[in-house]
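Participant: Would you mind keeping the following structure in view while I ask a few things?
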Amino acid sequence: MIQYASIILFVIGIYGLFVSKNVIKMIVSLNIMEIGLNIFIISIGFVGGGAIAPIISSTQDLGLIFVDPLPQALVLTAIVIGVGTTALALAFAKTIYKTYNTFELDEMEESA
Amino acid sequence: MILNILIGIGIAFFGFVLQTSIAGINRKIVGRLQKRHGPRWYQEFIDIFKLLSKRSITHGWIFDFGVIMALGGIIATAMFMPLTNNFLAFENFDNFFIFVYLIAVGMLGMAMSASGSGNPWASIGVMRALTTMLAYEVPFLIVVLTIINLTGNSSLTEIMLYQQASGNNWFLIALPIGGLVGFIALMGMLGKKPFETYVAPAEIASGPMVEYGGKQLGMLFIMNEISAFIEVSLFVHLFLGGATNIFEFLIKYFVVYTLANLISSVNGRFKIDQVVKFFYKWPLIMAVTQAVIAIYFGWVI
Amino acid sequence: MASVELLILFLVGAGVIAYILTRFNTFLGSIFTIFAVMFVFVSLAGYGFGMNMDTTVNILPGISFTETYLGFYFAIIIVFVYLMVSFFHPYYLSEYKYKNSYNLLFLLSLAGILGAFYTDNFLNLFFFFELIIWTTMFLIPQGKSKEAAVSYFGFSIAGSVAMLIGIFITYNVSGTFSIYQGLAALSGTNAIFVFVLFIIAAFAKLGSFPLHIWLPIAHGNAPHPFSPVLSGALVKLGAFIGVLALIRIAPATGLFTAMDLPIGQYVVAILGSMSIVFGTLMAIKEDDAKKLLAYSSMSHGGYILVAFSILNGIAFAGGFYHILAHALASAGAFMAIAAVARATGTTKMKELGGMIHKMPITYLAYLIAIISMAGIPPMGGFISKWLIFQAVIDKGMIFVGIAVFFGSVGSFLYVFRPLAALFLGQELTEYKKVKEAPLLMLIPTFILMGLNVYTGVFPGGILKFINNIIVELGYTGIEVSTYEINGTNGILNPALIGLIFAVGSGIAFLIFIVLKKSRKVELMDTYTAANFVHDEHLLHYAVDFYAPLERLYEKQSNWMTKFYTALAEKVRELGKLGKYLFMSKNISTTVFWIVAIIIFLLWGEVL
Amino acid sequence: MNAVLLIVIPLLAAFISIVSKKIAPYLLLVVGLFNIVLLFFLENGLVFIGGFDVAMNSDLLGISLLLDTYARMALWLINGLILVIFCLNFKSYKAFSSILLLAMAGLNGLLLTNDLFNFFVFLEISGIAAYLITSANKKPVSTFRYLVIGAIGSSLFLFGVVVLYAMYGTLNMIVMIQAIQASGNYAEVILPFTLMFIGLGVEAKLLPFNAWVKGVLGHSNTLTGPMIAGVYAAAMSFVLGRFITNLFVFEGSLLIVVTVLLALGILAGDVMAFSSTKTREILLFSSIAQASIVALLFVNGVIIWAVYLIIANALSKTVMFLVINKATKDVGSDESEALRGLFVNNKLVGLTFTLVTLSVMGLPLLAGFVIKLNFLTQLAGIGQIVLIAIILVASVIEGIYFVRLIVKLWYPGESEISVKYNYSFKAVFIVIALALLVFGTYSTPLTKLDNTIDTVMEVVNNG
Amino acid sequence: MLSTKYTEKTKLTKDEIDRKWWEVGDYFRRNSLWLLMYCTGCCAVELPPSMTSAYDMERLGMGPMATPRQADILLVSGYLSLKTLRRLIYTYEQMSEPKYVIGLGSCPINGGIYHDSHAVINQLDQYIPVDVYVAGCMPNPESILNGFVDLMESIKNKTANSWKKYRDNNEWYKQNQKDALGEVIIHDEFHE
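Protein chains in written order, with our numbering: chain A, 1 to 112; chain B, 1 to 301; chain C, 1 to 607; chain D, 1 to 463; chain E, 1 to 192.
Below, the structure is given as structure tokens:
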């Protein structure tokens, strides 16, 4: 269930990127998309009814159920990277504003 | 070989005499047609010799060289011409294309000489002559293509013999449409009146000939007579079954030339682009029709 | 023993040396180029005729050679044209912007030509073709127009690309890149595909309708000494591919029983005919002498195609002979024009006049070349046209017949135009100081004059050699003795024609010389209806020479140019559309494409 | 000696360089040289980072790096090019040395890593470095657009990776390949593969995902042009090659879509270049087409020649962008009309530019021709005549616009322009042009290497 | 055995040969006289009847020609203004020798009804030599043809030597022409 929710979030982010022309709004959409993605990652690691710590012991207990710890680790990294990207994007947004005095991409006249 | 060459020269000379006389007779005929007395039948000879006797001018070496080349080319062409089916200078070498292309050397020489005179009318005349040539050659050659395709031989003698062998079934009769095209093309070749665009004395001061006087003009007259001889003979050999003896040839020759001349004398003159349009309309269509009928369907009368 | 490989390496080396020499002294470098080409020509002529070339490969990797009569015939003609042209270099190069590289590229392209005609491997063939294309492509912009190179390159590369696709289809079918095994292995639909592709290549190189548009642009704007190479030599590459396609592949298409000719061949013949007609009409209209000759090359390319599409020995003999005759004639004519252009600085006929009084030898060279080009005896062009006419007539090809006759008569018209407007006519004041070309440039002029006459008078030896090629291609050669050529419907004795022409001219000369000597008058002293004209330009008829004829097809004459311009414009518009679709400033566009692709993919498979 | 050093040292140097701006440029030089030298001593094989022994040996858990000949060639190219490009811009773009170190670390990681998530991390690192590099263009909007599209791309990639992880429970590429092959159910991996392909496609400039290219390369300078069009394009093509040949299984509709997209990319790239008049746009569109060709070759399993094509392209594009961007900077416009006669006073540069362009066009005597002919032959061998036709038709268009460009650059218009290239530029141009010329005429080494690379790919395939 | 005795061969000199040929030529010339009609005045009206069926000039071997190069006779039919005279002289000089001039009507003889005009010359033979004058205003076709026959007669009698006269007395003629026409200074399309 939570997976659907995360995918919806992801799609909302995409939609935001699709429609918005504002730099800040785009960054926000990007973040929404990333959050959706992160939740999705977490969600696939969850295994219901687990009772044991996710540590591999020397004895191979194959019947034991535990929540997959790897996605959590991944998500941490992904968040960090996302934050880095966002920071960079904001830095660029600042430059853009300095140069053009607006956040609206439509109003800028940069020949590209 | 020497003998053959001498015979060839003889044929060329004969052609000159023949055509000049017949042209003179035709002048008389046309005179009578116009209720005039007309000149003497040998008037053409007098004209030519008078021109040769005059003192002429020259516009530089190409002016003379072109004339020599013109006359030389035409004489050379005439030397290949068979008179009857067994009288010719170089047996087996009377290939049709030699006549069509060797005659062009003469034309080129004359054109060159005329342009070399520096007179714009001469160049215009040459332009008209060449344009007319472009018009009449193609239908004519298509008809000849048909003939050669049927006879399987491009030698004039062989074509003559082919017609005679099939009981004098001349190609004028066997290929009636083609024969008509051939005759129209002959009119064009001779520069007879609906197609007499390139001399046009009142319009472009006799075209290529504008700067000639004296001996150069005389030589060009000789050249003109011999080339008329070649053209009419070609028609006789291709369409009228050639000739078995010289008298037959003379009669056919006279009839063809006179007919052309008579038609000419009751006609006005086309404009140059009208000539081209005309030849690329009816004669070409007729020639192609004839060729398709004769070659692909095999319908030869 | 002359080795093909060593000759090629020699040319590459010589190119580098010529580059260095030219850097220091243009004249020296060009003289060196002459000797380099001469060396190649001599070794080729010395060993090639007897098929004694060494074809082993020791150094060049991945390249293999074989020796065929066909390849040698093309090679020797082209090398000869190169040799003739190289004599012009010392006098032209100094004007060019990048004169050092001129000789280098010239020799490199010659190396490519040697390789192309001696190789037996498709990939090598392609390699050498491309080499020729790009080396020559850089020579062209040294002339007048910089854009000429682009259209030359575009069409050439399109041609070789078509050929390459054909090669790969062949490879796919036969698993080999060997030319002869590969083409032999083709059959059925594949053969037709390869045939069509090769024909496209041949048309593009030969500049035949409908791929002819580059020809006048490239020929007209190339450097003056390079135009003869383009027209006399390089377009013959197309003929070579044409031979491969029409004779070696010869796919089993349906048969026209009336003419006993496969449909594929007949279509090529018809296209060749159109090329003859278009070339002739356009040449008649053209004002630039070099462009005029370029259109004439197009028309002659049509003759070559017609000849090779009629599958019998006599037509092939005509085609091969025409290649030689046209190479000589067109080289001669272009070189004459080049000499004039060097002296006057223009090739526009309306700006020139009366050059004959300044450059009589050049004039003679041009005259003899155009007599051959127009197919008038006693020059080489007549022999080949005679053979081609024979084949056309025997097959009863009426529509092709119209074209070949039209082209043949039309060629009088267009070749005469430069003669009248450029060489003859009034002597214009601005060229009073012009002099005849220097001696070194007259050497090739004389040689070409001689050869044009020789090919027209004594074709026996050459035709015997051509018979070898025809036999090699699997057809029976024509009957030819020293003096006589036996066609299917007639015998030709060119030597006799030459002799009789001489006799006739002798008689005419006799008449001329016996009669009273003429008085020399000035060119301006001419009949003007008693008007006083003091400006020779007013008495010089050079503009719109065939105006009444041109008027008949004026509107239609630029259709093909328009078509290709429109094509280029369409490609450009397509590019703009692409930029609009994919290169938008909006991020939304990219997002849209991503989403669209995902949805498209998942539609059938997952969702 | 460990392959990890290739990543770690640049990263470390990047951090150090932030501390001391002065030594940063020299640090980059040292690190670059070190990497190149180091590559000589490293052995092929897997390198494990972290994890514990049992897991490593049995299940290939944990992060591992894979160094094979493929990666080695890529690394040499990337590090070398970065070093050269930086040397050329030593004076003008000193401040970018830490970013270049970061880019070096990221790209090396991309090429070496054997772990999908780790790959994502490196993708982001190199991506961030790329965004920073392009900020040298002083066109923040273009850069921002690049950033957004790049972020979307990497998100999609991550999405795909996660889905794969959910399906097969591993992130190790080799294990995953085996798992996918074992399961044999290709229909269900279409989604992740599509997502990953798009993610990589954004960076590798494949057609519909590359809207950023125009903004970024269209205003590039002597640093960003070669970096993005040369180094990044090469690295991404290498990576794409590895993914396509090893991991991705293109079948059914996915294969059709990918092939169509790539074919479209080739044609559209060249057509767009044909319609451009700005020199930089011509170059960038042509590089789009080239990238698509490379991907198409990988899809059809023509690996070794695709690799050569990448290398040749990277070198050629480096030279071309350097020449053009330097001229643009001096002249102030990149319209091809404005650059008329650029080579009149720079014959050597002109010669090298011409040779390099001819190589890109695939004309003989140059490496491009050998490569083109060989990959076409291989395509013909597997019967892909249609693709050959597409590539060749595109090459006609390509030929036309390049020739038009070259002719324009060689022959002056009304006004003469003067652009000065210093000796280091010239030296680089000459070396690259000579290399292309040498390998174009003497192609035996290329064909020899053919086998060795294929065997390494075998090793990868077998685990 | 060669004869040692010197006998003078009756060898014709070059001039004599020329003269003999010239006599042969005279026959052709008088039987084929081609006209260049310089139709300046009203007398030209009389030429068509003399050419067509009624009088049929062609039976004498005569006919109109388009250019002076081809023509033998310069037929000046009517008055000559100064402007025309200049062109007449130009044309006359372009004709190839032997050439003859016929003046038609009274105007070339004495100016006729224009005798007091400032723009018309009165006497043609002051400027170019004339072989035959045909008087009358206008002369009818019979007299025109009679004039032609007279010319033929005089050619036969070797008295039609006007062209030689022009050559021999060129300076005199030139001087007369110059006096009448004046020097020409500007040369272009519109001036002379």
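Think of the CB as a built atom: it goes at the ideal place given N, C-alpha and C, for glycine as much as any other residue. Note that the structure is predicted; figures quoted are calculated from it, not measured.
1) Applying the 10 Å Cβ sphere with the 16-neighbour rule, what's the burial state of residue 181/B?
2) Using 8 angstroms as the limit for Cβ to Cβ distance, is residue 91/E near chain B?
3) Give me the residue from 64/C, 219/C, 201/C and 519/C with the minimum Cα distance to residue 140/C.
4) Please list the partners that residue 160/B has in chain C, where partner means a Cβ-to-Cβ separation under 7 angstroms.
5) Just to confirm before moving on: does the CB-CB distance between residue 162/E and residue 76/E stay below 8 angstroms?
6) Would you mind listing the alpha helix (DSSP H) stretches within the segment 29-104 of chain C that are 4+ residues and don't spill past its ends, in chain order?
7) Can you tell me which residues form a DSSP beta bridge with residue 49/D?
8) Identify each residue in the segment 49-81 of chain E for which the Cβ-Cβ distance to at least one residue of chain B is less than 7 angstroms, and report them in chain order.
9) So what does residue 256/C bridge to, in DSSP terms?
10) Since I believe residue 93/A is in contact with residue 124/A (beta carbons under 8 angstroms), could you give me their beta-carbon distance rounded to a whole number of angstroms?
11) Is the segment 367-385 of chain C close to the segment 234-251 of chain C, with three or more CB pairs under 8 angstroms?
12) Provide the residue span of the alpha helix (DSSP H) that contains residue 134/E, from first to last.
13) With H, G and I counted as helix, E and B as strand and the rest as coil, what does DSSP make of residue 186/C?
14) Looking at chain E, is there any beta carbon in it that lies within less than 8 angstroms of the beta carbon of residue 530/C?
15) Just to confirm my understanding: we take residue 57/C, look at its own chain, exclude 5 residues before and 5 after, and list those with CB closer than 8 angstroms. What are they?
16) What are the residues in the segment 89-122 of chain E lying within 7 angstroms of chain C by C-beta distance?
17) Name, going along the chain, the residues of the segment 27-50 of chain E whose beta-carbon falls closer than 7 angstroms to a beta-carbon of chain B.
18) Can you give the Cα-Cα distance for residue 556/C and residue 135/C, rounded to whole angstroms?
19) Distance, Cα to Cα, residue 448/C vs residue 328/C?
20) Under the assumption that residue 651/C contacts residue 540/C (Cβ atoms under 8 angstroms), give the Cβ distance between them as a whole number of angstroms.
21) Can you give me the Cβ contacts of residue 560/C inside the same chain, cut-off strictly under 6 angstroms, excluding the 5 residues immediately before and after it?
22) For chain B, find out if any of its Cβ atoms is closer than 8 angstroms to the Cβ of residue 357/C; answer yes or no.
23) In whole angstroms, give me the CA-to-CA distance for residue 147/D and residue 140/D.
24) Which residues of chain E have a Cβ atom closer than 7 angstroms to the Cβ of residue 47/B, listed in chain order?
25) What is the residue span of the alpha helix (DSSP H) that residue 227/B lies within?
26) Report yes or no: is there a C-beta of chain D within less than 8 angstroms of the C-beta of residue 158/C?
27) Who pairs with residue 115/D in a beta bridge, going by DSSP?
28) Can you list the alpha helix (DSSP H) stretches of 4 or more residues lying completely in the segment 74-155 of chain B, in chain order?
29) In whole angstroms, give me the CA-to-CA distance for residue 31/D and residue 229/C.
30) Do you know how far the Cα of residue 129/C is from the Cα of residue 236/C?
31) Write down the C-beta distance between residue 291/B and residue 145/B rounded to the nearest angstrom, noting that I regard them as a contact closer than 8 angstroms.
32) Suppose you measure from the CA of residue 89/E to the CA of residue 169/E; what does that come to, to the nearest Å?
33) The segment 22-37 of chain A: which residues have C-beta closer than 7 angstroms to a C-beta of chain D, in chain order?
34) Using only CA atoms, which one of 424/C, 303/C, 101/C and 412/C lies nearest to residue 360/C?
35) How is residue 614/C classed by DSSP in three states: helix, strand or coil?
36) Could you confirm whether any beta carbon from chain A is found closer than 8 angstroms to the beta carbon of residue 599/C?
Facilitator: Let me lay it out:
1) buried
2) no
3) 219/C
4) What residue 160/B touches in chain C: nothing, since even the nearest Cβ is about 14 angstroms away.
5) no
6) 69-86 and 89-92
7) 63/D
8) 53, 56, 58, 59, 61, 66, 67, 69 and 70
9) 261/C
10) Because residue 124/A is not part of the residues shown, which for chain A are 1 to 112, the question remains open.
11) no
12) Taken as a continuous stretch (DSSP letters only), residue 134/E belongs to no alpha helix (DSSP H), being part of the beta strand (DSSP E) at 132-134.
13) coil
14) yes
15) 5, 63, 64 and 65
16) 90, 91 and 94
17) 28, 29, 31 and 32
18) 35 angstroms
19) 6 angstroms
20) For residue 651/C there is no data in the structure shown, the boundaries of chain C being 1 and 607.
21) 213
22) yes
23) 10 angstroms
24) 32
25) 214-239
26) yes
27) 172/D
28) 96-116 and 120-151
29) 56 angstroms
30) 12 angstroms
31) 6 angstroms
32) 15 angstroms
33) 23, 26, 30, 33, 34 and 37
34) 424/C
35) Outside the displayed span of chain C (1 to 607) sits residue 614/C, for which this structure offers no information.
36) no
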